Structure formats: structure tokens, C-alpha cells
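Enquirer: Below you'll find the structure I mean.
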């Protein structure tokens with residue numbers, strides 16, 4: 034199956050960026066990073082009404098409609114060449130979590146979220162609000178705030194139109210490679226085969242370091258706005274670093290499309306401590322997460338019975354911090370903010 038012409042152009046411009054072009058993208062996205070950090074992006078209360086990079090006058094040639102069309106077509110390719118987790122309980126949970134984050138972000142695009150039957154922890158979002166989360170991400174996480182942090186980061190990429198902006202900067206000279214790719218079967222080998230490390234998502238998520246930093250920054254804010262402990266994202270970064278030390282072979286799988294600068298954890302922690310307003314309590318975990326994680330582990334081990342209706346997790350949430358004075362009926366566990374954080 035061939036991609037439409039405009040999709041091929043985008044594919045080529047992103048897939049074959051040279052190191053020098055990547056440096057140039059980093060420089061340009063660095064300019065964007067400075068620009069947006071100085072124009073209200075720090076104001077968490079303004080989330081939803083801020084400009085974080087999707088205006089077409091800011092180096093973006095693609096309308097939201099064209100991004101949705103683009104993302105939908107590539108999402109179909111991913112689904113056709115990948116094994117998805119189809120369990121309705123797991124999918125309902127991850128979509129409920131994602132929609133809550135989206136409602137507390139700068140994008141109005143509704144998200145469609147699918148879970149890939151892949152053990153390595155990773156996630157990626159295509160243009161237009163199509164997100165894929167590896168099952169390994171949920172299994173590696175210790176609580177819901179960590180999964181929320183990962184997903185909020187991906188929503189940050191979409192909210193800032195990183196794929197469209199990066200495509201706009203693509204080098205036109207690379208378009209000459211398209212006929213060669215078609216004749217040699219390069220598209221099939223590099224773009225649409227799960228065995229080739231999901232070539233399509235790698236194209237759309239191989240951003241420069243500054244775009245990744247901005248997605249971290251936005252993701253922290255979105256998780257916070259949704260009520261989650263923003264340290265969940267930092268905790269997950271640390272888990273990935275620990276995993277790499279134990280299994281060095283995972284380095285390229287984990288960070289081939291998500292660069293991991295040495296100061297990423299420290300920078301994110303600094304932003305949490307200095308930018309976010311103080312909050313007494315955060316959502317850390319839920320009984321839904323614990324039950325879904327167990328269910329997913331069974332599915333991944335191919336031990337889940339076909340008829341498991343009696344064991345489906347209920348939407349009940351547990352409380353770990355008793356608050357008799359509160360009239361709210363939110364039973365999700367919370368954690369006190371570190372008094373040392375201002």
C-alpha cells in the first residue's frame with residue numbers, strides 16, 4: 034500500500050534528516066523554546082487559552098484538519114502492522130486517563146489512544162491526536178501518575194504541533210529520494226513494519242532536543258493541571274535510566290526516538306519546584322490502575338481467561354489520606370507536597 038503524495042513528501046523530509054539538519058532543527062526549536070517560554074507558557078492557569086506553537090504563522094504550514102488527516106492515515110498503518118491490546122477494560126481505562134489529560138491541556142483535539150502489545154516501555158503521538166502506548170509502559174510504572182506523565186508528554190508534542198513544525202522545516206532536497214525508496218521497497222522496510230521498530234512513529238517522534246524539552250515542560254503542566262503529581266514523569270525517567278543501566282541493549286529501543294539528555298531529570302524537577310504553584314495534595318494512584326496493570330500482565334502472558342467478566346475492575350477508588358472535613362467524594366490516593374518545594 035502506497036501513501037498519498039503529500040504523506041510521502043513528509044515521510045522523506047523527516048526520515049532522512051542528516052546530523053547537520055538535526056542540529057539545525059535543534060537550533061530552530063531552541064529559538065522557539067525561548068520564544069514560548071517568554072510569552073505566557075509558564076502560566077498554568079492559562080492552559081487552554083495559550084499559544085504554544087500551532088499558529089500557522091510560526092513555521093507551521095499545516096492546518097489542524099490536515100494534521101488530523103495525516104495522523105489518521107499513519108495511525109491506520111500502525112494498527113495494520115502491529116498487534117494491539119484489545120481488552121475493553123484496559124482500553125477504557127487508558128482512554129479515560131488520556132481524555133482527562135487532554136481536557137487539561139492546550140489542545141482541543143480529541144485523542145484516540147491504543148495500546149500496543151510491546152514489552153519495551155515507550156509511547157508516541159501522531160499528528161492530530163492519535164496516541165499509541167506500549168503495554169510495557171504501564172507494566173513498568175508503579176502508579177498512575179507515572180503513566181499520566183508519559184502520556185502528558187506526548188500530548189505536549191501534539192499541543193505544540195511539533196510534527197507539523199518539524200515537517201515544515203524539512204529539507205526539500207530529500208524529496209528526490211522518494212522514487213528510489215518506492216522502487217527498492219524502502220517504504221515497506223523502513224516505514225510500516227513493526228519488526229522494523231515501528232518506522233512510522235519513529236519518524237514523527239524523532240524530535241530535536243528542544244522539542245523534547247518543551248514536551249516535558251508542557252507535560253508536567255498538563256499532569257499538574259489534571260491533578261496528578263507531576264513528579265510521576267520524573268520518576269518514570271529515573272526508571273528508564275535504571276533499566277538502561279541493567280540492560281544496555283535497550284538504550285536504542287528506549288531513546289532512539291526520545292533523546293535523553295543527562296540533565297533531563299534535573300531540569301524537569303527544577304521546573305516542578307519553581308514554576309508550578311504550591312498544592313497540598315496530588316493524585317498519585319488509583320485502584321483502577323492497580324487492577325488494570327494486573328489484568329494487562331495476564332494478557333501479556335496469555336493467561337487471561339476469555340470470560341473474565343466477574344473479575345473486571347470497578348471504578349471504585351480507594352483513599353489513603355483520610356479527610357473527614359472534605360465534602361468531595363474523590364477516593365483516589367493523594368500525597369502531600371514536599372514542604373521544601375516552593
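Numbering (this note's numbering), first residue to last: 34 to 375. Just so you know, even glycine gets a beta-carbon here, dropped at the ideal spot from N, CA and C. Nothing here was measured: the structure is a model prediction, and the numbers come from that model.
Go through its chain and collect everything with a Cβ distance to residue 262's Cβ below 8 Å, but skip five positions before and after it.
Expert: In the chain shown, residue 262 corresponds to position 229, counting from 1. Counting only Cβ-Cβ distances below 8 Å, and skipping sequence neighbours, we find 178, 256, 315, 316, 317, 368.
Enquirer: Tell me, which residues are paired with residue 166 by DSSP?
Expert: Taking the chain shown and counting its residues from 1, one reaches residue 166 at position 133. 148, 156, per the DSSP bridge assignment.
Enquirer: Which class does residue 316 belong to by DSSP, given the choice of helix, strand or coil?
Expert: Position 283 of the chain shown, counted from the start, is the residue given in the question as residue 316. Here residue 316 sits in strand by DSSP.
Enquirer: Would the beta-carbon of residue 101 fall within 8 Å of that of residue 162?
Expert: Counting from 1 along the chain shown, the entry for residue 101 is found at position 68. Counting from 1 along the chain shown, the entry for residue 162 is found at position 129. Between residue 101 and residue 162, the C-beta spacing is below 8 Å.
Enquirer: Look up residue 95 in the DSSP assignment and give the residues it is bridged to.
Expert: The residue you call residue 95 lines up with position 62 of the chain shown. Residue pairing from DSSP leaves residue 95 without any beta-bridge partner.
Enquirer: Can you tell which of 89, 159, 85, 143 has the C-alpha that lies nearest to the C-alpha of residue 108?
Expert: Along the chain shown, read from residue 1 onward, the residue named residue 108 stands at position 75. It is 159.
Enquirer: Output the distance between the C-alpha atoms of residue 270 and residue 133, rounded to the nearest integer angstrom.
Expert: For this step, residue 270 is matched to residue 237 along the chain shown. For this step, residue 133 is matched to residue 100 along the chain shown. Roughly 22 Å between the two C-alpha positions.
Enquirer: Taking one C-beta from the segment 167–182 and one from the segment 138–145 each time, how about it: are there three or more such pairs within less than 8 Å?
Expert: no
Enquirer: Could you check whether residue 329 and residue 168 sit closer than 8 Å to each other, using their CB atoms as the reference points?
Expert: Counting from 1 along the chain shown, the entry for residue 168 is found at position 135. Counting from 1 along the chain shown, the entry for residue 329 is found at position 296. Closer than 8 Å, so yes.
Enquirer: How close, in whole Å, do the beta carbons of residue 188 and residue 138 come, if the pair is a contact with beta carbons under 8 Å?
Expert: If you number the chain shown from 1, residue 188 lands on position 155. If you number the chain shown from 1, residue 138 lands on position 105. With a Cβ gap of about 5 Å, residue 188 and residue 138 count as contacting.
Enquirer: Quick one: using the 10 Å Cβ neighbour count with 16 as the cut-off for buried, is residue 81 buried or exposed?
Expert: Within the chain shown, numbered from 1, the residue matching residue 81 stands at position 48. Under this definition residue 81 is an exposed residue.
Enquirer: For residue 153 and residue 200, what's the separation of their Cα atoms in angstroms?
Expert: Start at 1 with the first residue of the chain shown, and residue 153 comes out as number 120. Start at 1 with the first residue of the chain shown, and residue 200 comes out as number 167. If I take the Cα positions, the gap works out to 27 Å.
Enquirer: Please classify residue 170 as buried or exposed, where buried requires at least 16 other C-beta atoms within 10 Å of its C-beta.
Expert: If you number the chain shown from 1, residue 170 lands on position 137. Burial call: buried.
Enquirer: Smallest Cα separation from residue 164: which of 135, 173, 172, 174?
Expert: Here residue 164 refers to the residue found at position 131 when the chain shown is read from its first residue. Checking every option, the nearest Cα to that of residue 164 belongs to 135.
Enquirer: Is residue 254 buried or exposed, if buried means 16 or more other CB atoms sit within 10 Å of its CB?
Expert: Here residue 254 corresponds to residue number 221 of the chain shown, with the count starting at 1. Buried, since its Cβ has 16 or more Cβ neighbours within 10 Å.
Enquirer: Is DSSP giving residue 117 helix, strand or coil here?
Expert: As a position in the chain shown, residue 117 is number 84, starting the count at 1. In this structure, residue 117 counts as strand in the three-state DSSP scheme.
Enquirer: Figure out for me which residue from 332, 309, 194 has the closest Cα to the Cα of residue 260.
Expert: Locating residue 260 in the chain shown gives position 227, counting from the first residue. Checked all of 332, 309, 194; the closest Cα to residue 260 is 309.
Enquirer: With a CB to CB cut of under 6 Å and the five nearest residues on each side skipped, what residues in its chain are close to residue 240?
Expert: To locate residue 240, count along the chain shown from 1; it is residue 207. Contacts found: 195.
Enquirer: On the CB-based measure, 16 or more other CB atoms within 10 Å of its CB, does residue 243 come out buried or exposed?
Expert: Taking the chain shown and counting its residues from 1, one reaches residue 243 at position 210. Flag for residue 243 reads buried.
Enquirer: Pull up the distance between the alpha-carbon of residue 311 and that of residue 87, whole angstroms please.
Expert: Here residue 311 refers to the residue found at position 278 when the chain shown is read from its first residue. Here residue 87 refers to the residue found at position 54 when the chain shown is read from its first residue. So the two alpha carbons sit approximately 29 Å from each other.
Enquirer: Could you name the residues of the same chain whose beta carbon sits closer than 8 Å to that of residue 334, not counting the 5 residues immediately before and after it, in chain order?
Expert: Sequence index remark: in the chain shown, residue 334 carries index 301 (1-based). Around residue 334: no qualifying Cβ.
Enquirer: Do you know whose CA, among 202, 74, 146, 297, lies nearest residue 105's CA?
Expert: Against the chain shown, residue 105 aligns to sequence position 72. When C-alpha distances from residue 105 are compared across 202, 74, 146, 297, the shortest belongs to 146.
Enquirer: Please state if the CB of residue 122 and the CB of residue 325 are separated by a distance shorter than 8 Å.
Expert: For the purposes of this step, residue 325 is identified with residue 292 of the chain shown, where counting begins at 1. For the purposes of this step, residue 122 is identified with residue 89 of the chain shown, where counting begins at 1. Cβ distance < 8 Å, so residue 325 and residue 122 count as in contact.
Enquirer: Leaving out the 5 sequence neighbours to the left and right, which residues in its chain are closer than 7 Å to residue 304 when beta-carbon positions are compared?
Expert: In the chain shown, the residue the question calls residue 304 occupies position 271. Cβ within range, chain order: 250, 253.
Enquirer: Pull up the distance between the alpha-carbon of residue 278 and that of residue 193, whole angstroms please.
Expert: One-based indexing of the chain shown puts residue 278 at position 245. One-based indexing of the chain shown puts residue 193 at position 160. Their backbone Cα atoms lie some 32 Å apart in a straight line.
Enquirer: CA-CA distance, residue 331 and residue 172?
Expert: Reading the chain shown from its first residue, position 298 is the one you call residue 331. Reading the chain shown from its first residue, position 139 is the one you call residue 172. Approximately 11 Å between the Cα atoms of the pair.
Enquirer: So the alpha helix (DSSP H) residue 307 belongs to, where does it begin and stop?
Expert: Here residue 307 refers to the residue found at position 274 when the chain shown is read from its first residue. It spans 297–308 - the alpha helix (DSSP H) in which residue 307 sits, taken as one unbroken run.
Enquirer: Strictly by DSSP, which residues pair up with residue 261?
Expert: For the purposes of this step, residue 261 is taken as residue 228 along the chain shown, with counting starting at 1. Answer by DSSP bridge pairing, in chain order: 316.
Enquirer: Would you say residue 118 and residue 150 are within 8 Å of each other, going by their C-beta atoms?
Expert: In the chain shown, counting from the first residue as 1, residue 118 sits at position 85. In the chain shown, counting from the first residue as 1, residue 150 sits at position 117. For residue 118 and residue 150, yes; Cβs fall inside 8 Å.
Enquirer: Expressed to the nearest angstrom, what Euclidean distance is found between the alpha-carbon atoms of residue 185 and residue 85?
Expert: As a first step, residue 185 is located in the chain shown; it is residue number 152 there, counting from the start. As a first step, residue 85 is located in the chain shown; it is residue number 52 there, counting from the start. C-alpha separation (whole angstroms): 15 Å.
Enquirer: Using the beta-carbon count (16 or more within 10 Å), is residue 245 buried or exposed?
Expert: In the chain shown, the residue the question calls residue 245 occupies position 212. Residue 245 is classed as buried because its beta carbon has at least 16 other beta carbons within 10 Å across all chains shown.
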